[in-house]
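Engineer: Residue numbers (UniProt numbering): 1 to 117.
Just dropping this structure here.
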């Protein structure tokens with residue numbers, strides 16, 4: 001499935017569930033952007049917290065935490081949760097993440113291309 005199709009599917013699901021993605025004025029749009037940013041930050045925080053526990057378990061044998069192998073599924077789920085918020089933020093701003101990412105990759109190619117071996 002193309003990324004654009006996933007975005008369309010997520011936005012349609014948000015609309016069906018009553019999560020706002022369409023706005024009549026910039027104040028409402030801004031308020032939703034702030035709320036979704038808080039959601040994104042929360043998901044990144046959950047990812048970071050789990051990764052911290054994995055690192056502690058790997059570096060301290062007395063710490064009772066998950067291995068990277070055991071936590072990988074949950075870590076990927078947190079990344080997917082974060083991606084949902086990134087999709088929402090981009091859509092609310094009128095963006096196209098596939099286009100924006102492609103453009104950014106071209107910029108990074110020029111910027112970091114000399115580092116390639």
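Cβ atoms here follow ideal geometry from the backbone N, Cα and C, with glycine treated the same way.
1. Can you tell which of 41, 10, 112 has the C-alpha that lies nearest to the C-alpha of residue 82?
2. Anyone know if the C-beta pair for residue 2 and residue 98 falls short of 9 Å?
3. Should residue 38 and residue 91 be called a contact, given that it needs their Cβ atoms to be closer than 9 Å?
4. With a CB to CB cut of under 6 Å and the five nearest residues on each side skipped, what residues in its chain are close to residue 14?
5. Going by C-alpha to C-alpha distance, which of 112, 95, 87, 93 sits closest to residue 132?
6. Indicate the three-state DSSP secondary structure (helix, strand or coil) for residue 85 in the structure shown.
7. For the alpha helix (DSSP H) containing residue 16, list its first residue and its last residue.
8. Can you tell me whether residue 112 is buried or exposed, with buried defined as 16 or more other CB within 10 angstroms of its CB?
9. Ignore the nearest five residues each way along the sequence and tell me which others in residue 100's own chain have a CB closer than 8 Å to its CB.
10. Where do the ends of the alpha helix (DSSP H) carrying residue 99 lie?
11. Measure the beta-carbon distance from residue 54 to residue 45 and round it to whole angstroms, keeping in mind my assumption that it falls under 8 Å.
12. Report the three-state DSSP secondary structure of residue 24 (helix, strand or coil).
Structural biologist: So, from the data block:
1. The residue with the shortest Cα to Cα distance from residue 82 is 41.
2. Taking C-beta atoms as the reference points, residue 2 and residue 98 count as a pair closer than 9 Å.
3. Between residue 38 and residue 91, the gap from beta carbon to beta carbon reaches 9 Å or more.
4. Once the five neighbours on either side are set aside, the close Cβ partners of residue 14 are 21.
5. Residue 132 lies beyond the range of the chain shown here (1 to 117); nothing can be said about it.
6. Here residue 85 sits in helix by DSSP.
7. Residue 16: member of the alpha helix (DSSP H) spanning 3-17, first to last residue.
8. Here residue 112 is exposed. Its C-beta has fewer than 16 other C-beta atoms within 10 Å.
9. Result list for residue 100: 90, in chain order.
10. Per DSSP, the continuous alpha helix (DSSP H) segment holding residue 99 begins and ends at 97-112.
11. Not really, about 15 Å apart at Cβ, beyond 8 Å.
12. Three-state result, residue 24: coil.
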